[in-house]
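Chemist: Chains as they are written, first to last, in the numbering used here: chain A, 88 to 203; chain B, 34 to 146. Right, I'll just put the structure down here and ask away after.
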Amino acid sequence: AQSVSQHNHHVILSEAASLELGCNYSYGGTVNLFWYVQYPGQHLQLLLKYFSGDPLVKGIKGFEAEFIKSKFSFNLRKPSVQWSDTAEYFCAVRVNYGGSQGNLIFGKGTKLSVKP
Amino acid sequence: EPEVTQTPSHQVTQMGQEVILRCVPISNHLYFYWYRQILGQKVEFLVSFYNNEISEKSEIFDDQFSVERPDGSNFTLKIRSTKLEDSAMYFCASSEDRAYGYTFGSGTRLTVV
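Here you go:
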């Protein structure tokens, strides 16, 4: 079965520090990749997604992610975090089965705490 | 920006009772989903729904669960006889096409006591 691994359970950074959250998935075929963010008390919001093309994807709020197929990874990055980035971040993968789409499979999430 | 709306935001129910969680997907979306997140755990897929029928369901979605789109706007999740372990945040999502990203609702926190 496909799985998504997020290695960091809780990351604590000071404002202006750089961020990288790891995400690895276990499927060897064609995938769509997503990062969602969940601010405290709010719903899941899409940060960015990768379907095809340029493996470096830019999303909202200064976030970006790089798809490295050989490493089965889709790490999320931001050069300088702000206190308002405090949230939980979820990586998700959707497998393409020769034209039909599977459902989103989520990682366990990484909680980011940014100290002012 | 269009939203997926879920009601109620929080529901407390006694074990063994039936609950219905309600969702209003985005109006032009055709694919609907329920996910849940038990506290401290990952978001898990429950069921997907398209063209008035279930297209896929997970092992979690057993006979105690059912979904319905009763009137063309609402999309409901029913748990027939709740168990303590059903306590979780339940998220509804919709998408215009399966190839697109999903839009999630703000969730319903279900507490079974």
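Glycine residues also receive a C-beta, built at the ideal position from the N, C-alpha and C atoms.
Against chain A, does B:VAL52 count as a neighbour if the rule is that its beta carbon must be under 9 Å from one of theirs?
Modeler: no
Chemist: Can you pull the chain A neighbours of B:GLN74, defined as C-beta to C-beta under 8 Å?
Modeler: LYS195
Chemist: With 7 Å as the C-beta to C-beta threshold (strictly closer), list the residues of the segment 115-136 of chain B near chain A in chain order.
Modeler: Those would be PHE124, ARG131, ALA132, GLY134, TYR135, in chain order.
Chemist: Closest by CA to A:LYS136, which one among A:SER200, A:GLN89, A:ARG181?
Modeler: A:ARG181
Chemist: List, in chain order, every chain B residue whose beta-carbon is nearer than 8 Å to that of A:LEU134.
Modeler: Going along chain B, no residue has its Cβ under 8 Å from A:LEU134, so there is no contact; the nearest lies around 10 Å.
Chemist: Secondary structure at B:SER99, three-state DSSP: helix, strand or coil?
Modeler: strand
Chemist: Could you name the residues of chain B that A:SER191 contacts, counting a contact when the two beta carbons are closer than 7 Å?
Modeler: Contrary to the premise, residue 191 of chain A reads as Leu rather than Ser in this sequence. Within 7 Å Cβ-Cβ: PHE78, TYR135.
Chemist: Counting only beta-carbon atoms, is A:LEU108 nearer than 9 Å to chain B?
Modeler: no
Chemist: Tell me whether A:GLY196 is buried or exposed, calling it buried when 16 or more other Cβ atoms sit within 10 Å of its Cβ.
Modeler: buried
Chemist: Cβ of A:LEU163 within 9 Å of Cβ of A:LEU133?
Modeler: no
Chemist: Could you check which residue in B:VAL80, B:ILE59, B:TRP67, B:ARG69 has the C-alpha nearest to that of B:ASN34?
Modeler: The question names Asn, yet the displayed sequence has Glu at residue 34 of chain B. The shortest Cα separation from B:GLU34 among B:VAL80, B:ILE59, B:TRP67, B:ARG69 belongs to B:ILE59.
Chemist: Keeping to the same chain, check which residues put their C-beta closer than 6 Å to that of B:SER88; ignore five residues upstream and five downstream.
Modeler: Answer for B:SER88: SER81, listed in chain order.
Chemist: Identify the continuous beta strand (DSSP E) that holds B:TYR64 and give its terminal residues.
Modeler: For B:TYR64, the enclosing beta strand (DSSP E) stretches over residues 64-70.
Chemist: If we define contact as Cβ-Cβ less than 9 Å, is A:PHE154 a contact residue for chain B?
Modeler: no
Chemist: List, in order along the chain, the chain B residues whose C-beta lies closer than 7 Å to that of A:LEU131?
Modeler: PHE124, PHE137
Chemist: Does the Cβ of A:LEU143 have 16 or more other Cβ atoms within 10 Å, making it buried, or fewer, making it exposed?
Modeler: exposed
Chemist: Please confirm whether B:GLN39 and B:GLY140 have their CB atoms less than 9 Å apart.
Modeler: yes
Chemist: With three or more C-beta pairs closer than 8 Å as the rule, is the segment 119-128 of chain B touching the segment 69-79 of chain B?
Modeler: yes
Chemist: Whose Cβ in chain A lies nearer than 8 Å to the Cβ of B:SER81?
Modeler: Near B:SER81 (Cβ distances below 8 Å), the residues of chain A are ASN190.
Chemist: So for A:SER157, helix, strand or coil by DSSP?
Modeler: helix
Chemist: Can you give the Cα-Cα distance for A:SER92 and B:HIS62, rounded to whole angstroms?
Modeler: 30 Å
Chemist: Do A:LEU100 and A:VAL201 come within 9 Å of each other at the CB atom, strictly closer than that value?
Modeler: Yes; because the gap between Cβ atoms is below 9 Å, this pair is in contact.
Chemist: So, are the CB atoms of A:ILE192 and B:PHE94 less than 9 Å apart?
Modeler: no
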